[in-house]
Amino acid sequence: MTAAEPFATPDGPDVLRVSGLHVGTGRDTLVEDVSFSVGPGERVGLIGESGSGKSLTALAIMGLLADELHASGDVRLRGVDHELLTAGEAERSALRGDTMSMVFQEPMTALNPLMRVERQIAEVLLIHGTRRERAAAAAAARDLLAAVDLPDPERIARRYPHQLSGGQRQRVMLAIALANGPELLICDEPTTALDVTVQAQMLRLIVDGVADRDAALLFISHDLAVVATVCDRVLVMYGGRIVEAGEVRQLLTRPQHPYTQGLLAASDLEAVDALGHLPTIEGSVPPGGRFPDGCVFRNRCPRGDERCTTWPGWTGTERSGYACWYPIGSAHG
Amino acid sequence: MLIQLLTRTATLLLSLAVASILIFAFMNVLPGDPAEVALGVGATPEQVAELQARYGTDRPLATQYLDWVAGLPQGDFGTSFVTGAAIGPQIVDRFLVTLWLVGAGMVIALVIAVPLGTFAAVRHRHPDGVLLAGVSQVGIAVPNFLAGILLIGLVSVQWQLLPSGGWVPPAQDPVEFARRLILPALSLGLVEGAVLARYVRSTVLNVLREDFLRTARSKGLRPYQALVRHGLRNAAIPVVTVLGLQLAVLLVGAVVVERVFVLPGLGSLLLDGVANRDLLLVQGVVMVLVLAVLVVNYLVDVLYTVLDPRLRAVA
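Protein sequences appear in the order of chains A and B.
According to the working numbering, the residues represented by the first sequence are 31 to 363, in order.
According to the working numbering, the residues represented by the second sequence are 18 to 332, in order.
Written out as structure tokens, the structure is:
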């Protein structure tokens, strides 16, 4: 996707379409009315602070929410006839690891400590019948290890997770996620736990991995710089809602929502105030389910007034727009 | 791996040596010379000295100890002062009975605890899971001799299904052997199963919260498949630890259960020895019980390294 065509729709039907997604505990609402779509080959970033509902959105799509959480809405995957949230466990597990897969934030605990790496990769091939025999699956596992740039895949294959570094383990996770050539890859803060030096390699592997398979990518991060290098389009989440969406360069240079602007200002390491402090967003993210009614950002927003006690609604298209009564550049404030 | 094995083996042998010294010392600080006990109050000092010379109890304690210990590896536990019979063969015979009882009890306990504990963990938010956890709590409160008496009352007396006690060696009549083993093994195993079920439940609950189980589901495994393929082996590690420690509890339980079911096991031999003031016999039985507990815990240590690759030294 190029900056010259910021609103271009990708070819073909969307790989993932989420409409009106709600996630809650029954008492508290943690994700509210989230709608977006990801096209084939498209890389969409989902950014926001901790507690904004990014991971819950991803887990709801995957069907991996904790027992006490409930999701409602409409989630559809290209080539799948049924809606995902209401589908049975058998139908959903048939899609997981095959049509859609996920890389988690914490590589140190995401792999089974008692199983050799090779078997953990081979398993995902055997479950979905991509390989029928153990030996063939094991050989394919070693190829997958080589494909994520792990040196000496024969040796790594026979290792247990505790014998690998965090970066190596996350590559193993990526190898598992890409093994069956998914249509949709979800990465939840895949480099947050890694050293800065291995982050860039990991990001390149993710981007190459989805490009090779023409897969759609939903990339969750709180790091704007990472999202800017990886993604075409960005969704900004706050308080369980999407507050702004747009093509990456446009959104990073001309944010419409005060929260997006605050995030950008907080990421600007050049900007300091008179005391030499980096800019921050006033206040902190309320705990899950305790966001104000109306605009979820209004208690921290420099531009808010009584009008913000009602939810502003969405302005623009689903692919590019915002939810704010007083967007940046409007006369107010 | 080899070095760990050697270290553990050395630790086992050292523990055995220390245990043998302690057991010997405790038996010998007890008041009452075996010769005086055997001869009664009217004995003359000459008679006592003569008997002491015959038993060898007139020698220095260190010599007596070394003499006793040197015989142990060959199964020679000395000769009883009371009956004059060799102790070794008796202990071996009786130990086999206790081994069958404790072994069968452990198997019953595991067969109960693993599925029920896992079920209670998986269903911990549902009424049936909570009920099961409650039932196992009640099971823990039942002493195993009471379980034995209740089983006899119900199965042997009321329903007349199984004999209420006695022992038939497996080589003599395997069917009768099994019929007579079932009730005592159940009274040990049911109570132990309730104890273990709680450990299984809590370790499975911990494993259910692990990230790698979520990874397993993200690969396309259904929740119960993920638990069986990835969870249970991880949950087994803490359960094996408890299993080793619980063996000592089971041996103590066997002493009582053998009395209830009139089984000629190590427990009844120990109680007979105490009643007859047969110190050398008691000393031998206690040594064998300590040996059993130490060896099982040694095997548990070795089993760890088989179960958990993180405990194996990198070659």
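We put the beta carbon where it would ideally sit given N, CA and C, even for glycine.
DSSP state of residue i mapped onto helix, strand, coil
| i | result |
| --- | --- |
| B/A102 | coil |
| A/H364 | Residue 364 of chain A cannot be examined here, being either before or after the span of chain A that is shown, 31 to 363. |
| A/H52 | strand |
| B/G170 | helix |
| A/E184 | helix |
| A/I358 | coil |
| A/D367 | This structure leaves residue 367 of chain A out entirely; chain A is present only between 31 and 363. |
| A/P40 | Model confidence at A/P40 stands at a pLDDT of 47, short of 50, so the residue's coordinates are unreliable; what they give is reported in the following sentence. If DSSP states are grouped into helix, strand and coil, A/P40 belongs with coil. |
| A/L265 | strand |
| A/W344 | coil |
| A/M31 | Low local confidence applies: a pLDDT of 39 at A/M31 is under 50, so the model's placement there is unreliable, with the coordinate-based value given in what follows. Residue state, collapsed to three classes: coil. |
| A/R201 | helix |
| A/S131 | strand |
| A/E368 | Any property of residue 368 of chain A remains undetermined from this structure, which presents chain A solely from 31 to 363. |
| B/F43 | helix |
| B/A332 | Reliability of the predicted coordinates at B/A332 is poor, the pLDDT of 40 falling under 50, and the value obtained from them is presented with this limitation in mind. Residue state, collapsed to three classes: coil. |
| A/R47 | strand |
| B/G165 | helix |
| B/V159 | coil |
| B/L311 | helix |
| A/R106 | strand |
| B/Y241 | helix |
Contact set for residue i: own chain, Cβ-Cβ below 8 Å, skip 5 residues either direction
| i | result |
| --- | --- |
| A/D179 | R201, Q231, L235 |
| B/S32 | L311 |
| B/H141 | V147, A150, R218, L222 |
| A/G313 | N329, R330 |
| A/G159 | none |
Cβ shell of residue i (< 7 Å), same chain only, five flanking positions each side left out
| i | result |
| --- | --- |
| B/G270 | N161, L205 |
| B/V197 | The residue asked about is misnamed: residue 197 of chain B is Arg in this sequence, not Val. Counting only Cβ-Cβ distances below 7 Å, and skipping sequence neighbours, we find P180, G183, W184, V185. |
| B/I166 | V277 |
| A/I358 | P285, Q286, P288, Q291 |
| B/R25 | Y315, D318, V319 |
Nearest-angstrom Cα separation, counted from residue j out to residue i
| i | j | result |
| --- | --- | --- |
| B/L19 | B/T322 | 11 Å |
| A/E113 | A/N210 | 22 Å |
| B/V312 | B/V305 | 10 Å |
| A/G363 | A/V273 | The predicted position of A/G363 is uncertain, since its pLDDT is 48 and thus under 50; a value taken from the coordinates is nonetheless stated next. Distance between the alpha carbons of A/G363 and A/V273: 19 Å. |
| A/V268 | B/N314 | The residue you asked about is not Val; residue 268 of chain A is Tyr in the sequence shown. Straight-line Cα distance between these residues: approximately 54 Å. |
| A/L214 | A/G292 | 30 Å |
| B/L29 | B/V319 | 12 Å |
| B/G122 | B/P144 | 29 Å |
| A/E148 | A/R162 | 15 Å |
| B/T135 | B/D110 | 38 Å |
| B/A195 | B/T258 | 29 Å |
| A/M203 | A/G197 | 10 Å |
| A/H192 | B/I199 | 44 Å |
| A/D344 | A/V315 | First, the residue type needs correcting, since residue 344 of chain A is Trp and not Asp in the sequence shown. Roughly 22 Å separates the two Cα atoms. |
| A/M145 | B/V256 | 19 Å |
| B/E275 | B/W117 | 12 Å |
| A/E277 | A/V68 | 12 Å |
Beta-carbon contacts of residue i that lie in its chain and below 6 Å, excluding the five residues immediately before and after
| i | result |
| --- | --- |
| A/T374 | Residue 374 of chain A lies beyond the stretch modelled for chain A, which goes from 31 to 363, so this question has no answer here. |
| B/L68 | A52 |
| A/A177 | none |
| A/G270 | L60, V61, E62, G83 |
| A/V133 | M203, L204, A207, C217, P220 |
| A/F321 | G269 |
| A/E136 | A223 |
| B/A15 | Here chain B covers residues 18 to 332 and nothing more, so residue 15 of chain B does not appear. |
| B/A130 | G210, L213, A214, V217 |
| A/V105 | V48, I91, L114, L115 |
Proximity test, residue i beta-carbon vs the ligand ZN heavy atom, cut-off 7 Å
| i | result |
| --- | --- |
| B/P191 | This structure lacks the ligand ZN; in fact it carries no ligand of any kind. |
Problem set entry | Members of the region 167-195 of chain A that neighbour chain B once the beta carbon cut-off is set at 8 Å | Y190, H192, Q193
Exercise. Of all the residues that make up the region 124-145 of chain A, which are near chain B by a beta-carbon distance shorter than 8 Å?
Worked result: A124, L125, R126, G127, D128, S131, M132, F134, E136, T139, A140, L141, N142, P143, L144, M145
Exercise. What residues from the region 153-166 of chain A come within 8 Å of chain B, judged by C-beta to C-beta, listed N to C?
Worked result: E153, V154, I157, H158
Exercise. Using 8 Å as the Cβ pair cut-off and three pairs as the minimum, do the region 32-41 of chain B and the region 78-90 of chain B touch?
Worked result: yes
For this session: Identify each residue in the region 84-99 of chain A for which the Cβ-Cβ distance to at least one residue of chain B is less than 7 Å, and report them in chain order.
Result: M92, L94, D97
Exercise. Does the pairing of the region 219-228 of chain B with the region 238-251 of chain B give three or more beta-carbon distances under 8 Å?
Worked result: yes
For this session: Check each residue of the region 203-214 of chain A: if its Cβ is closer than 9 Å to any Cβ of chain B, include it; give the result in chain order.
Result: M203, I206, A207, A209, N210
Problem set entry | Any 3 or more C-beta pairs closer than 8 Å across the region 282-301 of chain A and the region 245-265 of chain A | yes
For this session: Taking a Cβ distance cut-off of 8 Å, strictly less, list which residues of the region 107-123 of chain A are near chain B, in chain order.
Result: E119, A120, S123
For this session: Can you give me, in chain order, the residues of the region 249-273 of chain B that have a beta carbon less than 8 Å from any beta carbon in chain A?
Result: R250, N251
Exercise. Touch check for the region 123-130 of chain A and the region 152-159 of chain A: three-plus C-beta pairs under 8 Å?
Worked result: yes
For this session: Indicate whether the contact test is met: 3 or more Cβ pairs, each with one atom in the region 286-298 of chain B and one in the region 92-100 of chain B, closer than 8 Å.
Result: yes
Exercise. What residues in the region 133-147 of chain B bring their beta carbon closer than 7 Å to a beta carbon of chain A?
Worked result: R142
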